[in-house]
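2 protein chains.
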Amino acid sequence: MAKGSRLQQAADFEAVAAAGGALDSRRSLSDDVYDHMVEFVLTAGLAPDTHINVDSLARAWHVSQTPIREALVRAEEAGLVTREPLRGFRIAPVLSSAEFSQLMHLRILIEPYSAAEASKSTDVTLIPTLEAHMAIMRQARNKPGAQEFSAYMRADREFHDAIAAASGNRFVRLALSTTAVHAHRFRLFASGRVDDASETVAEHSAVVDALRVRNADAASTAMYRHLVSVAERVYADFGPPRLAPVPQRQMS
Amino acid sequence: MAKGSRLQQAADFEAVAAAGGALDSRRSLSDDVYDHMVEFVLTAGLAPDTHINVDSLARAWHVSQTPIREALVRAEEAGLVTREPLRGFRIAPVLSSAEFSQLMHLRILIEPYSAAEASKSTDVTLIPTLEAHMAIMRQARNKPGAQEFSAYMRADREFHDAIAAASGNRFVRLALSTTAVHAHRFRLFASGRVDDASETVAEHSAVVDALRVRNADAASTAMYRHLVSVAERVYADFGPPRLAPVPQRQMS
DNA sequence: CATGAGTGTATCCTATCGGAAATTGGAAGG
DNA sequence: CCTTCCAATTTCCGATAGGATACACTCATG
């Protein structure tokens with residue numbers, strides 16, 4: 008392998024790594040491979056159940072099998088791929104409609120809380136960060152391209168993750184991070200284009216407004232309404248099952 | 008390496024594998040190593056921040072480095088170990104009191120819902136399974152030994168996991184599975200012995216009673232009370248911070 | 001047509017090498 | 001004589017290449 012380059016000629020990847028992970032000067036090759044793999048699965052929209060040949064993937068990316076395997080193990084934990092012992096790895100199946108409903112139930116349990124806690128955050132960069140993500144989403148409004156969809160979904164993920172991070176509860180953030188890629192892939196295969204930017208941005212604005220004035224109850228409610236709306240929009244495209252009654256309890 | 012044995016002489020391990028995983032005839036060596044590692048970290052009570060020497064661990068368990076590394080990557084995702092690139096793996100730090108509080112917050116958000124959903128389960132083996140776990144916990148009551156503590160905590164984990172599984176929501180179950188090992192380790196280092204069996208079994212009984220009569224509201228409430236009690240008991244030993252107000256919403 | 005042996009392929013594991021980081025020893029300066 | 005800084009050594013992580021084993025497929029046979 009050439010001395011300077013790690014993955015492929017890796018020009019595009021090095022740019023991503025430089026932009027996203029400049030702080031961590033120490034990154035192992037398997038980390039790079041993992042990031043590359045996530046991007047690959049999420050944007051390329053590979054067919055579910057596709058066999059992943061470790062050897063050919065290693066040759067294609069000009070690395071050996073070990074970092075590929077380590078990245079695949081992590082991807083399995085994240086739900087991106089599945090593994091059958093002695094039979095290898097496959098691209099994970101896309102969520103069924105029922106499973107997406109389950110996913111949204113979990114988010115509805117957690118995210119109103121994370122929004123409420125985020126309203127107490129002292130991080131002054133939170134609001135500007137959220138607005139930056141919303142600007143990207145506004146920009147992608149009604150653009151049918153795959154590129155725009157990818158940027159749109161990325162901004163959406165980072166919007167929710169920023170709030171989870173601001174909640175200060177690492178377990179909440181961890182639990183939600185797993186859901187993000189699944190939701191991304193479900194919507195990628197459901198429509199694959201930006202079709203709800205107006206509603207989503209409006210609902211995000213309501214959340215940000217509540218966070219700006221540090222109103223925990225309002226933030227919680229706005230987030231709850233947003234998630235219910237997201238689910239309803241998806242089910243409008245897909246028909247039943249609609250969102251089952253969402254159990255929520257009163258502030259004690 | 009001898010032909011029949013895989014880990015060490017591995018007599019005890021083979022017994023565990025035969026008891027727990029007989030259904031999966033296909034298991035890779037890294038799976039075995041991972042299970043072994045979880046058991047090792049949770050029962051041996053290794054000091055946090057202890058360096059893990061991959062090479063010596065491989066020699067000690069009579070396997071090579073690759074399955075060790077794969078198991079460590081999975082253990083990192085599960086929060087059992089931490090990894091610093093180019094500096095290796097370490098035993099993960101035990102949760103601080105504040106982090107344990109965060110963990111309990113997440114459980115309180117999720118588990119009342121999982122109990123409510125489990126009450127609708129048609130699985131006839133659920134109640135007997137839960138009662139079996141409770142029997143084990145009763146048996147360990149007020150026994151100070153490390154062996155009893157381990158069995159007690161295992162039964163507690165499996166009790167909650169069985170309910171999560173019965174909820175039918177795989178994302179709920181996944182989110183909770185991460186919390187289990189952290190809670191286990193926190194209590195291992197907090198007291199390390201069975202000191203709340205009476206209360207815990209009583210509270211578990213309340214949950215099972217509600218599940219038996221398929222009362223979703225009662226199951227949710229019983230689980231909520233149980234988790235609050237768990238947190239309160241831990242804080243009684245530890246002093247502040249006590250459990251912050253637990254945000255819960257009304258059933259809509 | 002069903003069944004079983006034989007061949008090919010890919011996974012999984014092992015053995016080994018390069019290289020980065022921690023450590024120990026020594027020399028220079030105060 | 002003690003402290004501080006630098007450098008060589010050692011240790012161990014990360015990566016590579018190759019071999020053993022299990023599975024899938026093909027083809028011959030009852």
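Chains as they are written, first to last, in my numbering: chain H, 8 to 259; chain U, 8 to 259. From the three backbone atoms N, C-alpha and C, an ideal C-beta is built for every residue, glycine too. Quantities reported herein were computed from a predicted structural model and do not represent experimental measurements.
| Item | Value |
| --- | --- |
| Helix, strand or coil at Ala29 of chain H [DSSP, three-state] | With a pLDDT of 30 at Ala29 of chain H, under the threshold of 50, the modelled position of that residue is not reliable, and the figure given next carries that caveat. Of the three classes helix, strand and coil, the one that applies to Ala29 of chain H here is coil, per DSSP. |
| Contact with chain H by Asn222 of chain U, beta-carbon distance below 7 Å | no |
| Interface partners of Gly109 of chain U on chain H, CB under 8 Å | Here residue 109 of chain U turns out to be Gln, not Gly, going by the sequence shown. Ordered by position in chain H, the residues that pass the 8 Å Cβ test against Gln109 of chain U are Gly175, Asn176, Arg177, Phe178, Val179. |
| Alpha carbon of Ala266 of chain U to alpha carbon of Arg177 of chain U, nearest angstrom | Since the first residue shown for chain U is 8 and the last is 259, residue 266 of chain U is missing from the structure and cannot be characterised. |
| Nearest-angstrom Cα separation, counted from Phe196 of chain U out to Arg232 of chain U | 24 Å |
| When H:Leu64, H:His69, H:Met111, H:His43 are compared against Ala182 of chain H, the one with the closest alpha-carbon | H:Met111 |
| Under the three-state DSSP convention, the category Arg177 of chain U falls into | helix |
| Proximity test, Cβ basis, 7 Å: Ile117 of chain U and chain H | yes |
| Segment limits, beta strand (DSSP E) that includes Arg90 of chain H | 88-91 |
| Cβ-Cβ separation, Asp203 of chain U to Ala187 of chain U (assumed contact under 8 Å), whole Å | Contact flag wrong, Cβ pair sits at about 17 Å. |
| His58 of chain H - DSSP class collapsed to helix/strand/coil | strand |
| Contact residues within the segment 182-197 of chain U, judged by C-beta distance below 7 Å to chain H | Ala182, Thr185, Thr186 |
| Own chain partners of Gly95 of chain U with C-beta closer than 8 Å, once the 5 adjacent residues on each side are dropped | His58, Ile59, Asn60, Val61 |
| Presumed contact (8 Å Cβ cut-off) between Ser212 of chain H and Pro119 of chain H, rounded CB distance | That pair is no contact at about 17 Å. |
| Closer than 7 Å to chain U by CB, Arg97 of chain H | no |
| For Arg97 of chain H, three-class secondary structure by DSSP | strand |
| Interface residues of the segment 75-86 of chain U facing chain H [CB-CB below 7 Å] | Arg76, Glu77, Val80, Arg81, Glu84 |
| Length of the line joining the Cα atoms of Ser63 of chain U and Val70 of chain U | 10 Å |
| Proximity below 7 Å, CB of Arg145 of chain H to CB of Val214 of chain H | no |
| Best match in H:Gly199, H:Arg221, H:Ala225, H:Arg219 for proximity to Ala51 of chain H [C-alpha to C-alpha] | H:Gly199 |
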